[in-house]
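Undergrad:
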Amino acid sequence: MGPNALCNLTIAQASALIGSGDLSPVELVDAHLGRIAATNEGLNTVITVLEKEARAAAKSAEAEIAAGTHRRPLHGIPIGLKDLVYTKNIRTTQGSDVWKDFVPDYDATIVTKFDDAGAITLAKTHLNEFAMGATGENRTFGPARNPWNTTRMTGGSSSGSAAGLAARQFMGAIGSDTGGSVRIPASLCGIVGLKPTFGRVSRRGIFPMSWSLDTVGPMARTVEDTALMMNAIGGHDPLDTASSRHPHEDYTSKLGHDVKGLRVGIPRKFLFDVIDPQVEAAVLEAAKVLEGLGAIVEEVVIPYIEYSRPIGMFISNVEGADLHRETLKNNPESIDPEALSRLDPGLFITGGQYVRAQRARAFFNQQVFDAMKNVDIFLMQATPVAATPIGQDEIQVGEETMQRLSVMTHTSRPFNLCGFPAIVQPCGFTSENLPIGLQLVGRPFEDTTVLQIAHAYEHATEWHQRRPKLDLA
Amino acid sequence: MAEPKITKESIIERAREMGVKMTDQRLQVLYEQMLVITAAAKELDSLDLDGVGQANVFSPVQD
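Top line first, the protein sequences correspond to chains R and U.
Counting with the working numbering, you get residues 5 to 477 for the letters of the first sequence.
Counting with the working numbering, you get residues 179 to 241 for the letters of the second sequence.
#1: For Val-198 (chain U), would you say it is in contact with chain R, using Cβ-to-Cβ distances shorter than 7 Å as the test?
#2: Quick one: is Gln-326 (chain U) buried, meaning 16 or more other Cβ sit within 10 Å of its Cβ, or exposed?
#3: Along the region 198 to 212 of chain U, what residues have a CB closer than 8 Å to any CB found in chain R?
#4: His-463 (chain R): which of R:Cys-422, R:Thr-201, R:Pro-425 and R:Glu-228 sits nearest, CA to CA?
#5: For the region 70 to 83 of chain R and the region 190 to 208 of chain R, state whether three or more C-beta atom pairs, one from each stretch, are separated by less than 8 Å.
#6: At 3 residues or longer, what runs of the beta strand (DSSP E) sit wholly inside the region 323 to 386 of chain R?
#7: Cβ of Arg-187 (chain R) less than 7 Å from any chain U Cβ?
#8: So the candidates are R:Thr-14, R:Val-305 and R:Leu-232; which of them puts its Cα closest to the Cα of Phe-276 (chain R)?
#9: Measuring CA to CA, which of R:Thr-226, R:Phe-449 and R:Ala-460 is closest to Arg-249 (chain R)?
#10: I need the DSSP call for Gln-443 (chain R), collapsed to helix, strand or coil.
#11: If distances are taken between C-alpha atoms only, which option among R:Ile-94, R:Ala-123 and R:Val-89 comes closest to Val-30 (chain R)?
#12: Which one or two residues does DSSP pair with Met-406 (chain R) in a beta bridge?
#13: Which of helix, strand or coil does DSSP assign to Glu-133 (chain R)?
#14: On the criterion of 16 or more Cβ atoms from any shown chain inside 10 Å, does Thr-158 (chain R) qualify as buried, or is it exposed?
#15: Have a look at Thr-465 (chain R) and Leu-88 (chain R) and give me their C-alpha separation to the nearest angstrom.
#16: For chain R, find out if any of its Cβ atoms is closer than 7 Å to the Cβ of Ile-190 (chain U); answer yes or no.
#17: Can you list, in chain order, the residues of its chain whose CB lies under 7 Å from that of Gly-184 (chain R), leaving out five sequence neighbours each side?
#18: Can you find a CB in chain R that lies within less than 7 Å of the CB of Glu-221 (chain U)?
#19: Give, in chain order, every unbroken run of the beta strand (DSSP E) that is at least 3 residues long and sits entirely within the region 57 to 108 of chain R.
#20: Can you pull the chain U neighbours of Val-359 (chain R), defined as C-beta to C-beta under 7 Å?
#21: In chain order, what residues of the same chain have a beta carbon less than 6 Å from the beta carbon of Leu-232 (chain R), not counting five sequence neighbours either side?
#22: Is there at least one Cβ from chain U nearer than 7 Å to Arg-363 (chain R)'s Cβ?
#23: Would you decide whether Thr-452 (chain R) is buried or exposed? Buried here means 16 or more other CB atoms lie within 10 Å of its CB.
#24: I'd like to know whether the C-beta atoms of Lys-258 (chain R) and Val-198 (chain U) end up nearer to each other than 7 Å.
#25: When burial is assigned at 16 or more other CB atoms within 10 Å of the CB, is Gly-72 (chain R) buried or exposed?
#26: Using a Cβ cut-off of 9 Å, pull out every chain U residue sitting near Phe-419 (chain R), in sequence order please.
#27: How far does the beta strand (DSSP E) with Leu-198 (chain R) in it extend, from its first residue to its last?
#28: Using a Cβ-Cβ cut-off of 7 Å, state whether Lys-333 (chain R) counts as contacting chain U.
#29: Looking at C-beta atoms only, is the number of pairs between the region 261 to 276 of chain R and the region 299 to 314 of chain R that lie closer than 8 Å three or more?
#30: Measuring only the C-alpha atoms, how far is Gly-395 (chain R) from Ile-279 (chain R)?
#31: Between the beta-carbon of Ile-188 (chain R) and the beta-carbon of Thr-387 (chain R), is there less than 7 Å?
#32: Based on the DSSP secondary-structure assignment, which residues constitute the bridge partners of Gly-179 (chain R)?
#33: In or out: Met-5 (chain R) buried (at least 16 other Cβ within 10 Å) or exposed?
#34: Relative to the C-alpha of Met-376 (chain R), which residue among R:His-240, R:Ser-410, R:Leu-32 and R:Pro-307 is closest?
#35: Relative to the alpha-carbon of Pro-439 (chain R), which residue among R:Ile-427, R:His-468 and R:Val-186 has its alpha-carbon at the smallest distance?
#36: Kindly list the residues whose CB is nearer than 6 Å to the CB of Ile-184 (chain U), restricted to its own chain and excluding five residues on each side of it in sequence; keep chain order.
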């Protein structure tokens, strides 16, 4: 099998080949390092390539497997880590000029878990500065470019993880999601991204953005691969105060189960007010596909959903500003102007306003929970539009011109507030051949149901099999 | 909840109290953002939150 074919394998396929002795981790890592070398100049998805470390780990995995110890399914599988995941003795830039030479002295919990599973980290991936932004644009490292059209943004903030997966630079990746940072780039780059239930994946050693919203999630090219990654990284971590004690489970357990009788709610109010017609058509077609598989599709209303925007703004601004307080006071010019414009108000929001927002959040969360009592999932667009040109700050949606951040987070942010699990997967392409993303949102700690329905949809369609045409010269 | 009216002068004063350096450009961007924040605060004030606690609650340290 040639290197291009190796790069197109899924994690599940590669693991089976490694297990049968038909594929070596060394070959697999070589192929992906070659892909990074061939594409990174054009795509700018990787900040640090860990070539030496990855080759050494691949040789070690090869020897271990040859000796009879195959820690499937991630053993020997090349992955990328968003460059805010702490890696011991390896620089972790947070996408920031100030932090560009920072070298952590410990590994994030998820890095330890990936090591235990035998995964091989190839790359520290591109992100918006401090994960603040939905664009993949970064003044220090330049913009990441969308493999489907390199003049278009990748979405962010987990820009390099999503675009690198679409470009087949690695087989799985990690992102973090505070207002949509796993799901937005997954949507714009045509891959799968899961924001698990809040607390299911440890955040120890992940540079924070907003303590009560930050969620770490896996990204891959199929739902099954995403579930396999969750199996490796999920579980309680006593070193993360927000870590859930909910029992760890097998996230692949419901894959392949049919969806007959499951109830799918489409919450049109507010969420569908901002949507491109091509995106709307693709999302409603996806609902029909699930209906054809036996699911019961109905419209639902999430009361007060429009309050998610102000609630999220108060909470993320205040928590983010406190994290960067000293820099905001003493060295504000070192922060990207877009990030600065979002952090600064957090210094001036009053304690009363923040508490009010946290009470409104509790009220809002109850509304979402109640709205989900009669359905198993909500179905909607992942982003209201497909990837827009790099650098374009305003987006035309229907007759309205809106700020890019407001548009991109329109359907993602509400589900950070309530912490419900949400998955994004491709559900079509625009007339310009840009991916369209579908978002499925489940009940808290019912991540396996979300994966089940996403898997059923994926197997009934072929969108996930499309690949961007890359210049591999 | 009555909040003080936002003006550029009030922002400068509070920035001085906090020791935050404020250029003209930074002030202009912040002022515009604070107008958005003020409008958002009014939206949240319109909710009836009687009997609703905070979403982030205290929990004692446990083993």
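The C-beta atom is built at its ideal place from N, Cα and C for all residues, glycine as well.
None of these values were measured; they are calculated from a predicted model.
TA: Short version:
#1: Counting from 1 along the second sequence, the entry for residue 198 (chain U) is found at position 20. Closer than 7 Å: yes.
#2: Absent from the structure is residue 326 (chain U), since the part of chain U shown begins at 179 and ends at 241.
#3: Identification of residues in the region 198 to 212 of chain U having a C-beta nearer than 8 Å to some C-beta of chain R yields Val-198, Lys-199, Arg-204, Val-207, Leu-208, Gln-211 and Met-212, given in sequence order.
#4: Translated into positions along the first sequence, residue 463 (chain R) becomes position 459. Ranking the options by Cα distance to His-463 (chain R), first place goes to R:Glu-228.
#5: The region 70 to 83 of chain R vs the region 190 to 208 of chain R: no contact.
#6: Within the region 323 to 386 of chain R, the complete beta strand (DSSP E) runs of at least 3 residues fall at 381 to 385.
#7: Position 183 of the first sequence, counted from the start, is the residue given in the question as residue 187 (chain R). Taking 7 Å as the threshold, the shortest C-beta distance from Arg-187 (chain R) to chain U does not fall below it.
#8: Numbered from its first residue, the first sequence carries residue 276 (chain R) at position 272. Measuring C-alpha to C-alpha distances from Phe-276 (chain R) to each of R:Thr-14, R:Val-305 and R:Leu-232 identifies R:Val-305 as the nearest.
#9: Residue 249 (chain R) sits at position 245 when you count from the first residue of the first sequence. Out of R:Thr-226, R:Phe-449 and R:Ala-460, R:Phe-449 has the C-alpha closest to the C-alpha of Arg-249 (chain R).
#10: Walking along the first sequence from the start, residue 443 (chain R) turns up at place 439. Three-state DSSP puts Gln-443 (chain R) in a strand.
#11: To locate residue 30 (chain R), count along the first sequence from 1; it is residue 26. For the set R:Ile-94, R:Ala-123 and R:Val-89, the Cα lying nearest the Cα of Val-30 (chain R) is the one of R:Ala-123.
#12: Here residue 406 (chain R) corresponds to residue number 402 of the first sequence, with the count starting at 1. DSSP output for Met-406 (chain R) lists R:Ile-399 as bridge partner(s).
#13: Stepping through the first sequence from its first residue, residue 133 (chain R) is reached at position 129. Correct three-state label for Glu-133 (chain R): helix.
#14: Working through the first sequence from its first residue, we reach residue 158 (chain R) at position 154. Buried, because 16 or more other Cβ atoms sit within 10 Å of the Cβ of Thr-158 (chain R).
#15: Numbered from 1 along the first sequence, position 461 holds the residue referred to as residue 465 (chain R). Numbered from 1 along the first sequence, position 84 holds the residue referred to as residue 88 (chain R). CA-to-CA, the gap between Thr-465 (chain R) and Leu-88 (chain R) works out to about 34 Å.
#16: Locating residue 190 (chain U) in the second sequence gives position 12, counting from the first residue. Judged by the 7 Å Cβ criterion, Ile-190 (chain U) is not in contact with chain R.
#17: Numbered from its first residue, the first sequence carries residue 184 (chain R) at position 180. Same-chain partners within the cutoff: Ala-138, Met-412, Thr-413, Ser-416 and Arg-417.
#18: Within the second sequence, residue 221 (chain U) is the residue found at index 43, counting from 1. Taking 7 Å as the CB threshold, Glu-221 (chain U) lines the interface with chain R.
#19: Those beta strand (DSSP E) runs which fall completely within the region 57 to 108 of chain R and span 3+ residues are 82 to 86.
#20: Here residue 359 (chain R) corresponds to residue number 355 of the first sequence, with the count starting at 1. Under the 7 Å cutoff, chain U gives Gln-232.
#21: Here residue 232 (chain R) is taken as the residue at index 228 of the first sequence, counted from 1. Only Ile-15 and Pro-77 meet the Cβ criterion.
#22: For this step, residue 363 (chain R) is matched to residue 359 along the first sequence. Closer than 7 Å: yes.
#23: The residue given as residue 452 (chain R) occupies position 448 in the first sequence. Here Thr-452 (chain R) is buried, its C-beta having at least 16 other C-beta atoms within 10 Å.
#24: Residue 258 (chain R) sits at position 254 when you count from the first residue of the first sequence. Residue 198 (chain U) sits at position 20 when you count from the first residue of the second sequence. No, Cβ-Cβ distance for Lys-258 (chain R) and Val-198 (chain U) is not below 7 Å.
#25: Working through the first sequence from its first residue, we reach residue 72 (chain R) at position 68. Classification for Gly-72 (chain R): exposed.
#26: Locating residue 419 (chain R) in the first sequence gives position 415, counting from the first residue. In chain order: nothing, as chain U lies at least about 14 Å away.
#27: Counting from 1 along the first sequence, the entry for residue 198 (chain R) is found at position 194. Leu-198 (chain R): member of the beta strand (DSSP E) spanning 196 to 199, first to last residue.
#28: By one-based count along the first sequence, residue 333 (chain R) stands at place 329. Interface residue, yes.
#29: The region 261 to 276 of chain R vs the region 299 to 314 of chain R: in contact.
#30: Residue mapping note: residue 395 (chain R) aligns to position 391 of the first sequence, counting from 1. Residue mapping note: residue 279 (chain R) aligns to position 275 of the first sequence, counting from 1. Looking at the two C-alpha atoms, the distance is approximately 20 Å.
#31: In the first sequence, counting from the first residue as 1, residue 188 (chain R) sits at position 184. In the first sequence, counting from the first residue as 1, residue 387 (chain R) sits at position 383. Pairing Ile-188 (chain R) with Thr-387 (chain R) gives a Cβ-Cβ distance under 7 Å.
#32: The sequence position of residue 179 (chain R) within the first sequence is 175, counting from 1. The partner list for Gly-179 (chain R) (beta bridge, DSSP) reads R:Gly-221.
#33: Working through the first sequence from its first residue, we reach residue 5 (chain R) at position 1. Counting C-beta atoms within 10 angstroms of its own C-beta, Met-5 (chain R) has fewer than 16 neighbours from the protein chains shown and is therefore classed as exposed.
#34: As a first step, residue 376 (chain R) must be located in the first sequence, where it is residue number 372. Met-376 (chain R) has its Cα closest to that of R:Pro-307, out of R:His-240, R:Ser-410, R:Leu-32 and R:Pro-307.
#35: On the first sequence, residue 439 (chain R) is found 435 positions in, with the first residue counted as 1. Checking every option, the nearest Cα to that of Pro-439 (chain R) belongs to R:His-468.
#36: Working through the second sequence from its first residue, we reach residue 184 (chain U) at position 6. Excluding residues within five positions, the ones whose Cβ falls inside 6 Å are Met-212 and Thr-216.
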